[in-house]
Amino acid sequence: MVVCFLIHTVCPASALSAGESRILYARVFGPETGDGFDLTPEQRRLLQKEKLHVVARQVRSAVALSREASGSLCVEAVLGEEAAALGEADSGVFSLGNAELFPDRSVVLWLGVQSLAFTLVCRPHENLLLAEGALRNIARHCLEELRLLGPGAESYSGKACAKFIRSTMQVD
15 MVVCFLIHTV CPASALSAGE SRILYARVFG PETGDGFDLT PEQRRLLQKE
65 KLHVVARQVR SAVALSREAS GSLCVEAVLG EEAAALGEAD SGVFSLGNAE
115 LFPDRSVVLW LGVQSLAFTL VCRPHENLLL AEGALRNIAR HCLEELRLLG
165 PGAESYSGKA CAKFIRSTMQ VD
């Protein structure tokens, strides 16, 4: 089961400091967790938002380490080069401990494409090859159809991507 899906920045954007990551889209799947029985809805929302930012920061660090180890840098987006960028994308996986951020142990699968990361948080028993294929497919569609990496897309990408993902990911 997919616990959550994120699209976020991994390279500094103009309005962010070097260590920050901006979440462009986030979707959490499944029932509410019991980690805040006595919290107000606003407090639960803020707690969930902070958990997602922790995942985004960990992925940003993993992407940076992967790129540093391979000698590649964060490159600027070139309109029309999305398919080539996806083919050269960094990818990785790491584990979150028991109840570290989510109720059970989870696995984080990420795909770093130029200045963005596409992230799936899954249960550890999931087929990671299938999850990676789905993640690459979603990333390809987002990059081709929505031009997330194009100039001026920063203000548009969140809403457009949300609409696209809702149309492709049917959750029962």
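Letter by letter, the sequence shown follows residues 15 to 186 in this note's numbering. C-beta: ideal position from N, C-alpha, C; glycine also. Computed from a predicted model, the values in this text were never measured in an experiment.
- Apart from the 5 residues on each side of it in sequence, R71 sits with its Cβ closer than 7 angstroms to the Cβ of S35 in its chain, given in chain order.
- If you draw a straight line from the Cα of Q57 to the Cα of K63, it comes to about 10 angstroms.
- For the pair V127 and A153, the CB atoms are nearer than the 8 angstroms cut-off.
- Around the beta-carbon of L149, 16 or more other beta-carbon atoms lie within 10 Å, marking it buried.
- The shortest CA-to-CA distance from A40 to any of L144, F132 and R137 is the one to F132.
- The shortest C-alpha to C-alpha distance from R74 to any of I37, N141 and A99 is the one to I37.
- The DSSP-derived three-state label of G147 is helix.
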